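J.: Residue 1607 in our numbering sits at position 124 of the sequence shown, with consecutive numbering throughout. Structure provided below as structure tokens; questions to follow.
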Amino acid sequence: MKKALITGITGQDGAYLAQLLLGKGYDVHGLVRRSSTTDVNDVRLRWLGIAQDVRLVDGDLADLSSLLRTVRTVQPDEVYNLAAQSFVKTSWQQPLLTGAITGLGCANMLEAVRIEKPDAHFYQASSSEMYGLVQEPLQSESTPFYPRSPYAAAKLYAHWMTVNYRESFGLHASSGILFNHESPLRGIEFVTRKVTDGVARIKLGLAGNLRLGNIDAKRDWGHARDYVKAMWLMLQQQIADDYVVATGRTVTVRDMCRIAFEHCGLAAEEHLVIDPALFRPAEVDVLLGDAAKAKSRLGWEPETSLEDMIREMVDADLKRLSASR
Ligand code: NAP
Ligand code: F7E
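Next comes the structure, spelled out in structure tokens:
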């Protein structure tokens, strides 16, 4: 039985990845940081019905000793480093913490693997945010990076450390440059889930409007369930490498909103309020990924359309809100 260690197992991707690996017969271990709300931090694992099937280990990306101990004890065949301060907007308010966890945290994890289990296959959750002020209209593995937030700068450090550990120490370390991916398990602060939750509230009469920032921004949105398959595929290759994972379609926040409102028979323009306080100090205006390498080498392709995903998210939010009334 293969053993996997997932950092960030309580997050959106960690939960879907754990589900995927359990389905493949893995022994799944997840690193979980101490919190005063341990009764709710496995909510995503419970939503997927797998909370009892994974083994949770105490640890924090900022605490190298906890990572060394975890890797020594678990002896994983595969390590997926998904933990991060992952919300871009917060990274301007907490730039040093974002650097410490999203950037240095990855270096800590690479060190733990190099010292305690150097033959483990390692996955780093890199991000399309690293392209920032895009240097090419279609972004691939060879597109130059131009980070536009403390989050993106931290991810870029982590990305290059992963490449360096592969080249310097021969680690089987791969980096997935994933474009935005969403699901009913997405954190409520991210725009898709904020929209689907907001639309569900308006539909149920719990709210009258939805306040957003820059709705002209364009994103290449896919489904997290599809994207965790690409992570797994990268670690099954003989040679470690870096891959863009994206759908190849970009849509404005405005049009994504329309899909959600229309699903509930509502008109977006009657409920949307633009709030300047929600704009960012610097914006990533447009992202559009070229996943040709992932398609040809991994055989990976996205399976869920944006429309189907947004409808699934609205339905999940309607169900959640109706159950809590
Ligand atoms: P998420 O839902 O925000 O989950 C982040 C996870 O990191 C949570 O489990 C969180 O634990 C954990 N974490 C935060 N700080 C930690 C620390 N100091 N020590 C240990 N664990 C810590 O993020 P996601 O959407 O699943 O994304 C997974 C990864 O992919 C992240 O690295 C993200 O930056 C990256 N990424 C995401 C996307 C996307 O569109 N979703 C795209 C590209 C890259 P708590 O539950 O305790 O908060
Ligand atoms: O914003 C605009 C906002 O917060 C998307 C993370 O997973 O993907 C994610 O980062 C766009 C931006 O995601 C609101 O200005 C407008 O242009 O959903 P988001 P993100 O910043 O793209 C990347 C790939 C990651 O790696 C990150 O970890 O939507 N927007 N109005 C808004 N965004 C939010 N959150 N809230 C609004 O009210």
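The C-beta atom is built at its ideal place from N, Cα and C for all residues, glycine as well. Quick caveat, the model's predicted, so the values are computed rather than measured.
In the stretch 1532-1563, which residue ranges form an unbroken alpha helix (DSSP H) of at least 4 residues, counting only runs that do not cross its ends?
T.: 1547-1557
J.: Within 8 Å: the Cβ of H1664 and any heavy atom of ligand 3?
T.: Ligand 3 is not part of this structure, which contains only ligand 1 and ligand 2.
J.: Which value, in whole angstroms, describes the spacing of the CA atoms of D1541 and T1556?
T.: Straight-line Cα distance between these residues: approximately 12 Å.
J.: For ligand 1, is there any heavy atom lying closer than 8 Å to the beta carbon of V1515?
T.: At least one heavy atom of ligand 1 is nearer than 8 Å to the Cβ of V1515, so yes.
J.: Roughly how many angstroms separate the alpha carbons of V1674 and F1570, rounded to a whole number?
T.: The straight-line gap from Cα to Cα measures roughly 11 Å.
J.: For ligand 1, is there any heavy atom lying closer than 8 Å to the beta carbon of L1804?
T.: Outside the cutoff, so no.
J.: Is I1584 a contact residue of ligand 1, with contact defined as CB to any heavy atom under 8 Å?
T.: yes
J.: By the three-class DSSP mapping on this structure, what secondary structure does Q1607 have?
T.: strand
J.: Return the first residue and the last residue of the alpha helix (DSSP H) that T1581 is part of.
T.: 1578-1581
J.: I need the straight-line Cα distance from L1531 to L1514, nearest angstrom please.
T.: About 18 Å.
J.: What is the DSSP secondary structure of G1586, counted as helix, strand or coil?
T.: helix
J.: Quick check on L1621: does DSSP put it in helix, strand or coil?
T.: DSSP places L1621 in coil when its eight states are reduced to three.
J.: Kindly provide the chain-ordered list of residues whose Cβ lies closer than 5 Å to any non-hydrogen atom of ligand 2.
T.: S1569, V1571, S1610, S1611, E1612, N1663, F1673, V1674, L1695, G1696, N1697, A1700, V1736, L1761
J.: I'd like to confirm something about K1638: is its beta-carbon nearer than 8 Å to some heavy atom of ligand 1, or not?
T.: yes
J.: For V1646, which beta-bridge partners are listed by DSSP?
T.: None; V1646 has no bridge partner.
J.: Taking 8 Å as the cut-off, does the CB of T1490 come closer than this to any heavy atom belonging to ligand 1?
T.: True, at least one ligand heavy atom lies under 8 Å from that Cβ.
J.: Keeping to the same chain, check which residues put their C-beta closer than 6 Å to that of L1716; ignore five residues upstream and five downstream.
T.: Only L1781, W1783 meet the Cβ criterion.
J.: Using 8 Å as the cut-off, can you tell me whether the stretch 1796-1803 makes contact with the stretch 1733-1741, which would need three or more C-beta pairs spanning the two stretches below that distance?
T.: no
J.: Figure out for me which residue from I1598, S1548, W1643 has the closest Cα to the Cα of G1586.
T.: If you compare the alpha carbons of I1598, S1548, W1643 with that of G1586, the shortest gap goes to W1643.
J.: Counting pairs of Cβ atoms below 8 Å between the stretch 1611-1620 and the stretch 1494-1503, do you hit three or more?
T.: The stretch 1611-1620, when compared against the stretch 1494-1503, does not touch it at the 8 Å Cβ threshold.
J.: According to the neighbour-count rule (16 or more other Cβ atoms, all chains shown, within 10 Å of its Cβ), is F1628 buried or exposed?
T.: buried
J.: For T1730 versus V1769, is the C-beta distance shorter than 9 Å?
T.: no
J.: Using DSSP's beta-bridge definition, name the partner residues of E1665.
T.: H1706
J.: Excluding the 5 residues flanking E1624 on each side, which residues of the same chain have their C-beta closer than 8 Å to its C-beta?
T.: The residues are I1660, D1725, Y1726, V1727, K1776.
J.: With burial defined as no fewer than 16 other Cβ atoms inside 10 Å of the residue's Cβ, what is the status of T1520: buried or exposed?
T.: exposed
J.: Please report the distance separating the alpha-carbon of D1602 from that of D1525.
T.: 30 Å
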